[in-house]
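Student: Residue numbers (my numbering): 47 to 490.
For each residue, glycine too, the CB sits at the ideal point set by N, CA and C.
1) Looking only at DSSP bridge pairs, what is residue 275 linked to?
2) Classify residue 294 as helix, strand or coil using the three-state DSSP reduction.
3) So, using beta-carbon positions, are residue 52 and residue 380 closer together than 9 Å?
4) Taking one C-beta from the stretch 429 to 448 and one from the stretch 138 to 146 each time, how about it: are there three or more such pairs within less than 8 Å?
5) Rounded to whole angstroms, how far is the Cβ of residue 203 from the Cβ of residue 465, which I believe are closer than 8 Å?
6) Alpha carbon to alpha carbon, how far is residue 331 from residue 470? Give it in angstroms, no decimals.
7) Do you know offhand how far residue 456's Cα is from residue 438's?
8) Starting from the Cα of residue 77, find the closest Cα among 463, 424 and 405 and give me that residue.
9) Taking DSSP's pairing of strands, which residues face residue 378 in a bridge?
10) Where do the ends of the alpha helix (DSSP H) carrying residue 239 lie?
11) From 402, 122, 154 and 132, pick the residue whose C-alpha is nearest to that of residue 447; which is it?
12) Take the Cβ of residue 224 as the centre, count every other Cβ of all protein chains shown within 10 Å, and call the residue buried at 16 or more, exposed below.
13) Measure the beta-carbon distance from residue 206 to residue 462 and round it to whole angstroms, keeping in mind my assumption that it falls under 8 Å.
14) Within its chain, find whatever has a CB closer than 6 Å to the CB of residue 350; leave out the 5 residues flanking it on each side and keep chain order.
15) DSSP three-state label for residue 288, please.
16) With H, G and I counted as helix, E and B as strand and the rest as coil, what does DSSP make of residue 244?
17) Is there a Cβ of chain D sitting closer than 9 Å to that of residue 380, yes or no?
18) Helix, strand or coil for residue 449? Go by DSSP, reduced to three states.
19) Tell me the start and end of each unbroken alpha helix (DSSP H) in the stretch 54 to 84 that is at least 4 residues and wholly inside, in chain order.
20) Among the residues of its own chain, which have a CB less than 7 Å from the CB of residue 95, if the five just before and after it don't count?
21) Can you confirm whether the stretch 65 to 79 touches the stretch 357 to 376 when touching is taken to mean that 3 or more C-beta pairs between the two stretches lie within less than 8 Å?
Have a look at this one:
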């Protein structure tokens, strides 16, 4: 599990908007905290494609990095993780855990598709172009750039429209692709999606991800790939880390007091702490839907009982740990949880051991430095492209549910996950009230 997740850790850090190596250096502590707090023998947590996209959009990641620099953005993301963690624990104590299980299917389905489109848009720049900035520059000078300006002029919070226009430009202008990067991206995507069927059954789940990434890295080294790569992975100072008697844990803990003083409300939420807390609470609620889905699946398939309040608290504890080490918010990871189950884990000790492996193997991760970002983008795209192109669950919705689902999907994709989910819930409530009134009139 530790090995097969490494490419994801780097790729999702890139999605958040900072250097890929940070995904490796900050993954262990949140998973360790999760392993201690959760009641599930298989559930794993970490930065996922969903939490990465949500954090980036909520915090206007690209604009923030451009104005304040990556180091300040890391502090901003870490502070946001702390707020999400506290919100999760508070919500667990007031009984939200059980309420989250009753979220409308139409809203969840539309929201998921909108977020997956956002994940796709975040991966394409580094997948089809040698450097992600090329696509963004091309879009800015095209008709799609004018569309972005127009939409944002009407709806300032529509951060997702940029990603949608990136996809439309890339798909309609293949002549602008970088040939080598695009070939790497497409071949790795196909292998990750289809390779499992051709690999020996004895290999653990996720091996296709490791093999694709390793092959791309070897290509980069031996053929002098000149596109975007992971780059140098800094090593922790020998004196840094936490010490517990003779035991030393090589992790870098941020200044918690300093994180609480990060001007996150002033720079990202119009100076309103209320808006910050509400957004963090919505983020926490949406995050928890992933955990509900994973835990419910294990309960129906394997009769593994679970308690919503406990898992919501586990989410909170792991997000506080994430903030402490500079990670983006974390949530339940479906792929890693399934790998844990498939490899025969029998207790949450497997989760704890995986976390410790990530922490103690960090000094040896420089082997990933020459890995092309195109290959990491392939890892991300392979997880979402099938459902984006053919959203079977969304299309299966009927009647008013279809209207709510499509409306939620479109709003999530064009604006942001937080606004999209909120708009979906409003649509569901309004349509339910109207439909209820109509049915009463017919009865009368």
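Tutor: On the basis of the data shown:
1) Within the chain shown, residue 275 is the residue found at index 229, counting from 1. BP columns for residue 275 point to 418.
2) Here residue 294 corresponds to residue number 248 of the chain shown, with the count starting at 1. In the three-state reduction of the DSSP assignment, residue 294 falls in the strand class.
3) Counting from one through the chain shown, the residue named residue 52 turns up at place 6. Counting from one through the chain shown, the residue named residue 380 turns up at place 334. Taking 9 Å as the cut-off, the beta carbon of residue 52 is found no closer than this to the beta carbon of residue 380.
4) Three or more Cβ pairs closer than 8 Å define a contact, and the stretch 429 to 448 falls short of that threshold against the stretch 138 to 146.
5) Walking along the chain shown from the start, residue 203 turns up at place 157. Walking along the chain shown from the start, residue 465 turns up at place 419. Contact flag correct, Cβ pair sits at about 6 Å.
6) Position 424 of the chain shown, counted from the start, is the residue given in the question as residue 470. Position 285 of the chain shown, counted from the start, is the residue given in the question as residue 331. Taking the straight line joining both Cα atoms gives about 14 Å.
7) Here residue 456 corresponds to residue number 410 of the chain shown, with the count starting at 1. Here residue 438 corresponds to residue number 392 of the chain shown, with the count starting at 1. When rounded, the distance between both Cα atoms is 16 Å.
8) Here residue 77 refers to the residue found at position 31 of the chain shown. Residue nearest to residue 77 within the set 463, 424 and 405 is 405 (criterion: CA-CA distance).
9) Within the chain shown, numbered from 1, the residue matching residue 378 stands at position 332. In the DSSP output, where bridge partners are listed per residue, residue 378 has 91.
10) If you number the chain shown from 1, residue 239 lands on position 193. Residue 239 -> alpha helix (DSSP H) spans 225 to 240.
11) Your numbering for residue 447 matches position 401 in the chain shown. Ranking 402, 122, 154 and 132 by Cα distance to residue 447 puts 154 first.
12) Taking the chain shown and counting its residues from 1, the one referred to as residue 224 is at position 178. With at least 16 other beta carbons inside 10 angstroms of its own, residue 224 counts as buried.
13) Walking along the chain shown from the start, residue 206 turns up at place 160. Walking along the chain shown from the start, residue 462 turns up at place 416. For a cut-off of 8 Å, the C-beta gap from residue 206 to residue 462 is around 6 Å, short enough to register as a contact.
14) To locate residue 350, count along the chain shown from 1; it is residue 304. Cβ neighbours of residue 350 beyond the five flanking positions: 344.
15) To locate residue 288, count along the chain shown from 1; it is residue 242. Strand.
16) The residue given as residue 244 occupies position 198 in the chain shown. Under the three-state reduction of DSSP, residue 244 is assigned to helix.
17) Among the chains of the structure shown, chain D does not appear; only one protein chain is present.
18) Indexing the chain shown from 1 puts residue 449 at position 403. Note: residue 449 maps to helix in three-state DSSP.
19) Unbroken alpha helix (DSSP H) stretches of 4 residues or longer found wholly inside the stretch 54 to 84: 67 to 71 and 74 to 83, given in chain order.
20) Sequence index remark: in the chain shown, residue 95 carries index 49 (1-based). Contacts found: 58, 61, 165, 426, 429 and 430.
21) Yes, since at least three Cβ pairs between the stretch 357 to 376 and the stretch 65 to 79 fall closer than 8 Å, the two stretches touch.
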